[in-house]
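Trainee: Just so you know, the sequence shown maps onto residues 9 to 157 in this note's numbering. Okay, handing you the structure first.
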Amino acid sequence: MSSATSSETVRNGSCLCGTVRFTVKGDPFHYLVCHCKNCQKSSGSAFMMNVWFKDKVFTMIAGQDALSFFQDTDTDTGKPLSRYFCSKCGSNVFFRMSPDLPRSDVHIVQGSAIEGSEIWAPRKESFLTNRLPWVNSLETKPKGKKSKL
9 MSSATSSETV RNGSCLCGTV RFTVKGDPFH YLVCHCKNCQ KSSGSAFMMN VWFKDKVFTM
69 IAGQDALSFF QDTDTDTGKP LSRYFCSKCG SNVFFRMSPD LPRSDVHIVQ GSAIEGSEIW
129 APRKESFLTN RLPWVNSLET KPKGKKSKL
């Protein structure tokens with residue numbers, strides 16, 4: 009890895025087939041593991057790894073025309089969001105809050121879609137009442153700790 013600081017590091021991300029490609033600059037400002045039923049169904053797994061980036065550090069580089077979205081209005085928070093996925097391979101790529109809500113200036117990216125995301129650790133788990141019984145509590149980083157997410 010280069011000597012660039014983590015705020016300058018640019019990481020590549022993509023869907024499974026590589027049609028949809030994007031970059032993120034720096035580290036996410038938030039990372040959580042979501043156990044809500046919609047994230048479980050959307051990911052096809054026990055939870056979804058959601059890393060949060062401001063719009064200004066997220067750049068689409070290919071496949072914009074292959075992106076489709078599902079308007080998820082039946083969320084546990086009651087706040088609708090748009091779940092974007094690749095129309096060719098079906099991979100989840102990111103989701104966005106509705107434009108009229110706080111945090112609408114954020115891309116919430118599926119962690120595994122980003123190369124090098126294994127250096128980050130989640131800060132929080134959400135919707136623990138839906139956590140499947142065979143999933144152990146995750147080791148999370150307290151908010152005040154200085155480390156890579």
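Glycine included, C-beta positions come from ideal geometry on N, C-alpha and C.
Check for me: the beta strand (DSSP E) holding residue 79 runs from which residue to which?
Mentor: 75-80 is the extent of the beta strand (DSSP E) around residue 79.
Trainee: Who does residue 122 pair with in a DSSP beta bridge?
Mentor: Partner(s): 21.
Trainee: With 16 other CB atoms within 10 Å as the buried threshold, where does residue 127 fall?
Mentor: Counting Cβ neighbours within 10 Å, residue 127 comes out exposed, since fewer than 16 surround it.
Trainee: Let me confirm a value: residue 144 is counted as buried when at least 16 other C-beta atoms fall within 10 Å, else exposed. Which label applies?
Mentor: So residue 144 ends up on the exposed side.
Trainee: Does the contact criterion of 3 or more C-beta pairs under 8 Å hold for the segment 59-79 versus the segment 42-49?
Mentor: Too few Cβ pairs lie closer than 8 Å, so no.
Trainee: If I'm right that residue 90 touches residue 104 with Cβ under 8 Å, what's the distance once you round it to whole angstroms?
Mentor: Correct: roughly 5 Å between the Cβ atoms.
Trainee: Rounded to whole angstroms, what's the CA-CA distance from residue 77 to residue 141? Just pull it up for me.
Mentor: Taking the straight line from one Cα to the other gives about 30 Å.
Trainee: Output yes or no for whether 8 Å exceeds the beta carbon distance between residue 51 and residue 100.
Mentor: Cβ atoms of residue 51 and residue 100: closer than 8 Å.
Trainee: For residue 79, does the count of other Cβ atoms within 10 angstroms reach 16, so buried, or fall short, so exposed?
Mentor: Exposed: under 16 other Cβ atoms inside 10 Å.
Trainee: Put residue 45 into one of helix, strand or coil per three-state DSSP.
Mentor: The answer is helix: DSSP assigns residue 45 an H, G or I state.
Trainee: Please name the residue, chosen from 135, 27 and 20, that lies closest to residue 83 on a Cα-to-Cα basis.
Mentor: Closest option to residue 83, Cα to Cα, is 135.
Trainee: Suppose contacts are defined by Cβ-Cβ distances below 8 Å. Is residue 67 in contact with residue 102 by that definition?
Mentor: For residue 67 and residue 102, no; Cβs fall outside 8 Å.
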